[in-house]
């Protein structure tokens, strides 16, 4: 065992706990039982079978209020693996559930036996016919697909609020729609063809001209059964009319019976049935979408009304005016959304009765936009609008930032309202539709019903389509609260069906919580047809039992998850999964959601239980060590939960007092440490990579892998011992070369000025000279200690750099320009909690400017570009995202290159200072997709603005990245 191996006990929850009724039982502490584990390992290989109890727990939760722990999780790589899994399940009488993003709200992504992860290994998009169609794999997010399609002026029809995280497979399997899709732009209407694997293992490509012939040969009984059902439906005029009527409004409850009316062959019928089947009919391995025009001329208004019913009553006006979206938000939703960055703070003061409509018009050109704006103005005339707080304007705008803010507030409905729920309560998101003409009446009835059952109102929805969402929060650990929820659901379902003839699920699909009410909506005849359809396609009941069809009237009350309190920073989490696509470790160990899910399970366990111990044993590496700490999860989370900060705190908890003292000592003596590091790097050039890799490898085994960095061949040579000479007299700014740029030099192949020389030269060239203080050595942004959770060392350096910067800048009179984005973030924001009160006052007087902002805003307007490179690919760092200066990176690059590309798969490289040297597997995993995209072609320049991230990308791509400011110096050099 390494000398300083951290003890898992340091992370054991301290408070005495009683066992929760829904905890994982002790008998499951060993994980997947035999022979299941061994058989699947032999079938698929050990790397594709996740069996530890921590693996099972982290997959047990999704965005729904349900929680079911699988027996095993498998991660297939291709269709052959899928077929093997299904064949195994048939032979052994087991059940299979497919899971992609886990953003579904009704438990569709949860299984109690074999759970199949189809997010990993299943990403990719191929653009067809110049963007008119797109072939997309099921693990690809909607946002990722639209990023590629945007280059062709196209987009997908479905646009769910969870587009940042939800994947194509789930969107199609649930027939998710969203803000604008309605009944005409959803998956059912825009899917051109599907490739899927039936429960039997038969593969069907509906685009293949011979598909019906092949299917008839492989599955004759299936084909006969489908055609018999079709004939039965067509022969029943009343049923046919009822089916058509049910889909005049949004409806995803049950199976798409209109597939039997729209398709004339077994393959055509299956193509329709697969949409919205929630994984109960097969695995969708590929989807070809017909795409839609991306109309870029956008006008939006956020209009405030005195009541929800008043807002709902105004909806038809905007539908008639041609609005593509009319979104409704009630007062509680608006008030809760102040937790979302960019939402006006005074919304917190809005009266509860207030409601708003977000109205949007999109046109392909200026005349079209002007016509829509005139129609919108006419629609607004005579409306009883209110302006309860100062930020409310009730005006139509074209301003992109304002429109983006409106949509951030709307899309955060579930997470923002859910994040503000009482601690320890479970969140349920309901979704129903009524004929749009009855929307105002439905709103009034819903509010009354919620009040009768003691639930706080929180309503939003796609008002243009009569589709409302509302949230319920209750404590699933309390039987009385569960009874209250059950009574509400009985009344709500009867109200929706009997009074409004509505859909109990408009776009979220049936799932576990509406399955018991399916017959209430559809009636016995249609419901029985759905059961028979399932029997024809999946006669052995292998796929996703109890998710769409369930005869248990209390099925929606089974598996409701408790939400035990965890660390304050993570407690608001509703496990929505929005954070997961941004997480560098998502394909390696755990995601932010899973880190919180695992922590909650520890809290469900009694003290020192076998399950708690097993979870703690895995948590150190899977959650704490392999967290990059980049906090991009905070940016993706609508309520700003920073799981990275929680992991840094956990690192701190694992430190011994001795380790903390040593870390503080290195901070106090950082001048000597810095000089020694530069000498060591210089010496490394003479020693050789192989020997250094061997030496550091042995040291890591002897001490601790999370403390001793591993030498990497991509590490550059040493920086010059002396920084460029500058003068304080006449300086426009103080230039602070980050310690990483004082220790490491530029790329080995670079021939030209170093980064400090480039910044000094280009600033002087623009008539804005900078001054480098003589005593920068020994100072640092404190990120070294902050990222590792060394609080004492962090406090030492944080206070030192602020005091020094205040002196250098003459009390904040000059800006402080920092040449590494992570260091800018550290000095500008991350040091603040560790400062003394006096130094917080000093910090408030500082203006910390990232070198990208300095170059784009201050230097470029004064420079003459004399030469440009042909093409450049950019790596925007996570720190740039936090600082909001990714656009400045692009601006500077576009001045230096004829063509500038930001990869669609660009993300955090996870090098994270030295974490990529502590856990190189983390950077390899985090950069795999971006590296593949970068290496798909040649570029003349590979640019970023953070030395350690550049080293990480060098390692990932085999290219040489350098700072965009070095490229700017070259482009403007006389």
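Numbering (this note's numbering), first residue to last: 7 to 980.
Ideal Cβ placement from N, Cα and C applies to all residues, glycine included.
Taking the C-alpha atoms as reference points, what is the distance between residue i and residue j?
i	j	result
residue 491	residue 480	8 Å
residue 853	residue 821	5 Å
residue 897	residue 225	58 Å
residue 532	residue 246	10 Å
residue 830	residue 767	20 Å
residue 362	residue 328	18 Å
residue 745	residue 783	8 Å
residue 616	residue 34	9 Å
residue 254	residue 390	30 Å
residue 43	residue 909	39 Å
residue 239	residue 539	12 Å
residue 961	residue 396	51 Å
residue 150	residue 180	19 Å
residue 842	residue 805	7 Å
residue 228	residue 280	14 Å
residue 235	residue 250	16 Å
residue 446	residue 325	15 Å
residue 419	residue 374	31 Å
residue 702	residue 924	Reliability of the predicted coordinates at residue 702 is poor, the pLDDT of 48 falling under 50, and no value is obtained from them.
residue 569	residue 435	15 Å
residue 993	residue 882	Past the boundaries of the shown model lies residue 993; the chain is included only from 7 to 980, so the question cannot be answered.
residue 37	residue 622	14 Å
residue 581	residue 601	10 Å
residue 494	residue 670	57 Å
residue 258	residue 442	17 Å
residue 244	residue 320	34 Å
residue 191	residue 566	33 Å
residue 394	residue 518	40 Å
residue 677	residue 165	53 Å
residue 647	residue 576	6 Å
residue 913	residue 366	30 Å
Taking residue i as the reference, give the member of the options with the closest Cα.
i	options	result
residue 794	655, 320 and 305	655
residue 966	720, 847 and 579	720
residue 801	815, 818 and 838	838
residue 885	568, 916, 70 and 426	916
residue 823	865, 756 and 689	865
residue 370	48, 518, 300 and 394	300
residue 25	613, 954, 922 and 742	613
residue 734	780, 773 and 980	780
residue 485	968, 628, 28 and 21	28
Using 8 Å for Cβ pairs, my map puts residue i next to residue j. What's the rounded Cβ distance?
i	j	result
residue 724	residue 749	7 Å
residue 167	residue 560	Actually they are not in contact, since the Cβ atoms of residue 167 and residue 560 sit about 30 Å apart, beyond 8 Å.
residue 587	residue 421	Actually they are not in contact, since the Cβ atoms of residue 587 and residue 421 sit about 15 Å apart, beyond 8 Å.
residue 75	residue 30	6 Å
residue 79	residue 50	Contact doesn't hold; Cβ gap of about 11 Å is too wide.
residue 950	residue 905	Not really, about 17 Å apart at Cβ, beyond 8 Å.
residue 126	residue 108	That pair is no contact at about 12 Å.
residue 732	residue 778	5 Å
residue 196	residue 175	Not quite, the Cβ-Cβ distance comes to about 15 Å (not below 8 Å), so this is no contact.
residue 102	residue 122	6 Å
Check whether chain D comes within 8 Å of residue i, counting only Cβ atoms and requiring the distance to be less than that.
i	result
residue 884	Checking the listed chains, one finds no chain D in this structure; it contains a single protein chain.
Complete beta strand (DSSP E) runs within the segment 829–863 (minimum length 3 residues, chain order):
854–856
What are the complete alpha helix (DSSP H) segments, minimum 4 residues, inside the segment 221–251?
226–240
How about the segment 586–606 and the segment 922–934: do they share at least three Cβ pairs that are nearer than 8 Å?
yes
Restricting to runs no shorter than 3 residues, where is the beta strand (DSSP E) found entirely within the segment 445–520?
465–468 and 473–480
Do three or more CB pairs link the segment 306–317 to the segment 207–222 at distances below 8 Å?
At 8 Å Cβ cutoff, the stretches do not touch.
Is the segment 132–146 close to the segment 266–278, with three or more CB pairs under 8 Å?
no
Is there contact between the segment 544–563 and the segment 200–209, where contact requires at least three CB pairs shorter than 8 Å?
Three or more beta-carbon pairs separated by less than 8 Å link the segment 544–563 to the segment 200–209, which places the two stretches in contact.
Answer yes if the segment 99–114 comes into contact with the segment 67–74, meaning at least three C-beta pairs across the two stretches below 8 Å, and no otherwise.
yes
Cβ contact (3+ pairs, closer than 8 Å) linking the segment 397–414 and the segment 446–458:
no
Check whether the segment 345–356 touches the segment 295–304, counting contact only when three or more Cβ pairs, one atom from each stretch, lie closer than 8 Å.
no
Looking at C-beta atoms only, is the number of pairs between the segment 972–980 and the segment 757–764 that lie closer than 8 Å three or more?
Below 8 Å, enough C-beta pairs join the segment 972–980 and the segment 757–764 to call them touching: three or more.
Any beta strand (DSSP E) of 3 or more consecutive residues that is wholly inside the segment 151–198:
none
Check whether the segment 83–102 touches the segment 49–63, taking contact to mean three or more Cβ pairs, one atom from each stretch, closer than 8 Å.
yes
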